[in-house]
Amino acid sequence: MSLESEVLLYELDQLERKEIESEENRKKEEKQKKEEEEMKKKNDVIMKEEER
Numbered sequence: 001m002s003l004e005s006e007v008l009l010y011e012l013d014q015l016e017r018k019e020i021e022s023e024e025n026r027k028k029e030e031k032q033k034k035e036e037e038e039m040k041k042k043n044d045v046i047m048k049e050e051e052r
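Following UniProt numbering, the numbering of the sequence shown begins with 1 at its first residue and continues without gaps.
This is the structure in structure tokens:
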């Protein structure tokens, strides 16, 4: 395999790794956002109950 081919394969691998990492980060952010929304809903319910 030529050096140029190896370099291109390496660059492709790096791009794939970055893409996977970006997707994992996006999923983590979505999960965190969902958890924050659930906590806010729970807090809102608690606040309404305390007002009574």
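For each residue, glycine too, the CB sits at the ideal point set by N, CA and C. Here the structure is a predicted model, which means the values were calculated and not measured.
Practice task
In angstroms with no decimal places, state the Cα-to-Cα distance between Val45 and Glu29.
Solution key: 24 angstroms
Problem - DSSP three-state assignment for residue 73, whether helix, strand or coil - result: The question about residue 73 has no answer here: the residues shown for the chain are numbered 1 through 52.
Exercise for the section: Might you give, ordered along the chain, the residues of its own chain that have their beta carbon closer than 8 angstroms to the beta carbon of Asp13, omitting 5 neighbours on each side? Expected result: none
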